[in-house]
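The structure under discussion appears below in the form of structure tokens.
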Amino acid sequence: MSIVIITGGKGSGKSLVANALRNSAIRDGRGALLVDDNQDGEHIHLLEKLSLQKIEPGTEADKIEWKKDPTIILVGKKAGATLDAFEKIAPGVKKKFGPVYTIDTAKG
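Using the numbering used here, you'd call the opening residue of the sequence shown number -2 and step up by one each time.
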């Protein structure tokens, strides 16, 4: 499990890196959630894509049944805020899925 935050300027290839990480995780039979700044949807519904159950806000992350060895990939300027929102929904998400890795792609 891991959390990857990818940032970079326009044309920096951050989306290409994110898609490669997601595809690799799925090819290896692991769960993967890719969220970028342009993605719509409530945070709880995004997080539920990695769970095997409906998530009630405030449920500790350790008490949720997750897909096998999932990776969370967050792309763009809102990545930190998205991770904070996930932590509010399921306290302990950062610890459960961590460590948190950061990648800053070259500015385009």
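Backbone N, C-alpha and C define an ideal beta-carbon position, used for all residues, glycine too.
None of the values given here were measured: they were computed from a predicted structure.
Count the other C-beta atoms from every protein chain shown that fall within 10 angstroms of the C-beta of residue i, then say buried if there are 16 or more, exposed otherwise.
i: I3; result: buried
i: A106; result: Nothing can be reported for residue 106: it is not among the residues displayed for the chain, which extend from -2 to 105.
i: L49; result: exposed
i: K11; result: buried
i: G73; result: buried
Report the residue from the options whose alpha carbon sits nearest the alpha carbon of residue i.
i: V90; options: I41, N35 and D101; result: I41
i: Y98; options: K64, G77 and K65; result: G77
i: P67; options: G6, E53, R24 and D33; result: R24
i: E62; options: K75, K92, E45 and I70; result: E45
i: A125; options: S(-1), K7 and D37; result: Residue 125 lies beyond the range of the chain shown here (-2 to 105); nothing can be said about it.
i: P96; options: I86, L80 and K85; result: L80
i: A82; options: D101, E39 and R27; result: E39
i: K75; options: R19, S9, N35 and A22; result: N35
Report back the beta-carbon spacing between residue i and residue j to the nearest angstrom; my notes put them in contact at under 8 angstroms.
i: I70; j: V1; result: 5 angstroms
i: L47; j: K64; result: 5 angstroms
i: D101; j: G5; result: 6 angstroms
* Is it true that the stretch 3 to 15 meets the stretch 54 to 64, where meeting means three or more beta-carbon pairs spaced less than 8 angstroms apart? -> no
* Asked: Going along the chain, which unbroken runs of the alpha helix (DSSP H) with 4 or more residues stay wholly within the stretch 19 to 53?
  -> 40 to 45
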